[in-house]
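Student: Using the working numbering, you'd call the opening residue of the sequence shown number 1289 and step up by one each time. C-beta: ideal position from N, C-alpha, C; glycine also. These numbers come from a predicted model, not from an experiment. Would you mind keeping the following structure in view while I ask a few things?
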Amino acid sequence: NPDTDIYGANVYNNYLQTRTLSRLKQIVTQTAVSGGVSSSSSSAWGRNSVEIVADEAEQFYSAESISSILVCTGVYNQEQHQEGQTQQLNHGHRDMIIDPLLKQPKYTVEHVLDAVKLVFDTEQFR
């Protein structure tokens, strides 16, 4: 559903991209302040172990990006949606501004198997 699933995936992808950019700026700032000297050993004493473990785990187990895939099943009809024939019900929060570009999937496929194959190809999973 473009109004919920696709929108949510695209919003989350924007968050991931913003977080990555923010983290990169933070690293550049820390490097500039420390004069290029690695401060990992000295800063570790100023932080508690939970923060250190959380930061390290996030680097290894966090997604870098999310790609939205719309599967055209019997519920969703791409032709009707493009022509505006579907009933326009807004089930979102009334104070939330809906960006129409975030409703656009990165990929559109006809069947679930096509979506699975696309994910395997994209992730280079053999």
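Taking the alpha carbon of Thr1306 as the reference point, which residue from Phe1413, Ala1351, Thr1292 and Thr1410 has its own alpha carbon closest?
Tutor: Here residue 1306 corresponds to residue number 18 of the sequence shown, with the count starting at 1. If we check each option's Cα against that of Thr1306, Ala1351 comes out closest.
Student: If contacts are defined as beta-carbon pairs under 8 Å, then Ile1294 and Ser1356 qualify, I think. What distance do you get, rounded to the angstrom?
Tutor: As a position in the sequence shown, residue 1294 is number 6, starting the count at 1. As a position in the sequence shown, residue 1356 is number 68, starting the count at 1. Rounded, the Cβ-Cβ distance is 5 Å, consistent with contact.
Student: Do you know how far the Cα of Ala1297 is from the Cα of Leu1406?
Tutor: Within the sequence shown, numbered from 1, the residue matching residue 1406 stands at position 118. Within the sequence shown, numbered from 1, the residue matching residue 1297 stands at position 9. Their backbone Cα atoms lie some 16 Å apart in a straight line.
Student: Specify the secondary structure class of Thr1396 as computed by DSSP and reduced to three states.
Tutor: Position 108 of the sequence shown holds residue 1396. Strand at Thr1396.
Student: State the Cα-Cα distance for the pair Asn1289 and Thr1361, rounded to the nearest angstrom.
Tutor: Indexing the sequence shown from 1 puts residue 1289 at position 1. Indexing the sequence shown from 1 puts residue 1361 at position 73. So the two alpha carbons sit approximately 10 Å from each other.
Student: Tell me where the beta strand (DSSP E) around Leu1390 begins and ends.
Tutor: Position 102 of the sequence shown, counted from the first residue, corresponds to residue 1390. Taken as a continuous stretch (DSSP letters only), Leu1390 belongs to no beta strand (DSSP E), as it is neither H nor E.
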